[in-house]
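Residue numbers (our numbering): 1 to 173. The C-beta atom is built at its ideal place from N, Cα and C for all residues, glycine as well. None of the values given here were measured: they were computed from a predicted structure. Single-structure report; data block below.
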Amino acid sequence: MSLFADLLAAAKTSAIHLELRDQYMQDDPDLHAWRTGHRPDPADRATWWRDWLQLPADAVARGVSIRRLRVVSEPISEYIHYEYDGTFTNIAVGEDIRWLPRPQALGLLLPVVDFWVFDGSTAIINHLAGDGSWGDGETEGTDPALVATFVTAFEAAWERGIPHADYQPRLRS
Numbered sequence: 001m002s003l004f005a006d007l008l009a010a011a012k013t014s015a016i017h018l019e020l021r022d023q024y025m026q027d028d029p030d031l032h033a034w035r036t037g038h039r040p041d042p043a044d045r046a047t048w049w050r051d052w053l054q055l056p057a058d059a060v061a062r063g064v065s066i067r068r069l070r071v072v073s074e075p076i077s078e079y080i081h082y083e084y085d086g087t088f089t090n091i092a093v094g095e096d097i098r099w100l101p102r103p104q105a106l107g108l109l110l111p112v113v114d115f116w117v118f119d120g121s122t123a124i125i126n127h128l129a130g131d132g133s134w135g136d137g138e139t140e141g142t143d144p145a146l147v148a149t150f151v152t153a154f155e156a157a158w159e160r161g162i163p164h165a166d167y168q169p170r171l172r173s
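Given below as structure tokens:
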């Protein structure tokens with residue numbers, strides 16, 4: 001299993017995820033399908049279910065709260081539009097998702113990396129390349145000061161975030 005899968009499987013109470021980039025994995029086959037007009041049908045689980053969705057579904061079933069915050073530029077990028085269209089899958093497995101347009105993040109001190117924090121004690125730090133690919137991958141962080149910094153930043157941004165059901169992204173013309 002991956003570091004993420006191991007830590008989420010071991011989580012007892014919470015997992016938080018901060019996403020700060022406007023593009024990720026440009027080689028994602030689902031992104032390419034979306035570009036050609038494919039849209040999964042929320043009513044037809046077979047059109048959107050992916051094996052990795054089982055990990056958060058299992059965690060939520062155990063009582064783990066999973067919150068994801070996406071800090072985005074507006075108008076949103078093509079990739080963020082793709083993510084927005086597919087966020088119903090995260091919601092379906094029990095994640096709580098919020099969106100934070102960058103102007104509303106003004107004054108917040110946010111980390112320069114995407115991260116996960118599990119049970120407030122262990123972080124996964126994502127080291128992505130400029131094009132959004134995995135770059136140098138991920139590292140585990142257990143330094144209490146680093147984890148506390150991540151949690152504090154996340155909670156401050158979360159308070160300003162817009163719940164997915166209420167967020168209306170500004171699209172490119």
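Candidates Leu53, Val64, Arg70, Ala129: closest to Ala153 by CA position: Arg70
Cβ-based neighbour list, Arg170, same chain, cut-off 6 Å, excluding 5 preceding and 5 following: Glu74, Pro75
As assigned by DSSP and simplified to three states, the class of Arg68: In the structure shown, Arg68 sits in a strand (DSSP, three-state: E or B).
Option nearest Val93 by Cα separation, candidates Ala43, Val60, Gly141: Val60
Other residues of its chain near Asn90: CB distance less than 7 Å, five sequence neighbours each side excluded: Only Arg68, Ile97 meet the Cβ criterion.
Local conformation of Ala15 per DSSP, three classes: strand
Cβ neighbours of His17 in the same chain (closer than 6 Å, five flanking residues each side left out): Arg68, Trp116
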